Each structure stands twice: as structure tokens, then as C-alpha cells.
Amino acid sequence: MQGNWSINISSLEEFVVKQLIEVHKIDDFRRVYKDPKHHLCFFVLSELGATFNFIPR
Numbered sequence: 055m056q057g058n059w060s061i062n063i064s065s066l067e068e069f070v071v072k073q074l075i076e077v078h079k080i081d082d083f084r085r086v087y088k089d090p091k092h093h094l095c096f097f098v099l100s101e102l103g104a105t106f107n108f109i110p111r
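Under this note's numbering, the final residue of the sequence shown carries the number 111; numbering is consecutive throughout.
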């Protein structure tokens, strides 16, 4: 992969405080969030936009 990458750890609470996830969307996010025992969740920012991605552990 080319480009500059950085990795930071965050939480749902921080995403709400920073208004990346709206308070009324918390339950929607939890419904699509995969089991953390089996998947890692990445919030990816790029020139294409922002996405949540889940990959198997």
C-alpha cells in the first residue's frame, strides 16, 4: 500500500462525542457491528470518504 497511514484506537463513545456517529444512530451501528471476538472493526478515512470495515480475526 502506498501513502501515509496512521492507526489510532477509539471507541463508540468517542465517535459519538466527535459526532462521527449521531446519538440516534447508535443502535443502528450496534446492529451492524460484528462480534469483536471474531471480527476487527476499522474506521477508514481516505480520499474516497469514510467507511467502517470488518475483517475476520
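Even glycine gets a Cβ: it sits at the ideal position worked out from N, Cα and C. Just so it is clear, the structure is predicted and the values come from calculations on it, not from any experiment.
- Rounded to the nearest angstrom, the gap between the Cα atoms of leucine 94 and phenylalanine 106 is 10 Å.
- At a Cβ-Cβ threshold of 8 Å, phenylalanine 69 and isoleucine 75 count as neighbours.
- Annotated three-state conformation of isoleucine 109 is strand, per DSSP.
- The bridge partners DSSP lists for leucine 94 are Ile109.
- Within the same chain, Cβ atoms closer than 8 Å to the Cβ of histidine 92 are found at Pro110, Arg111, the five residues on either side in sequence being excluded.
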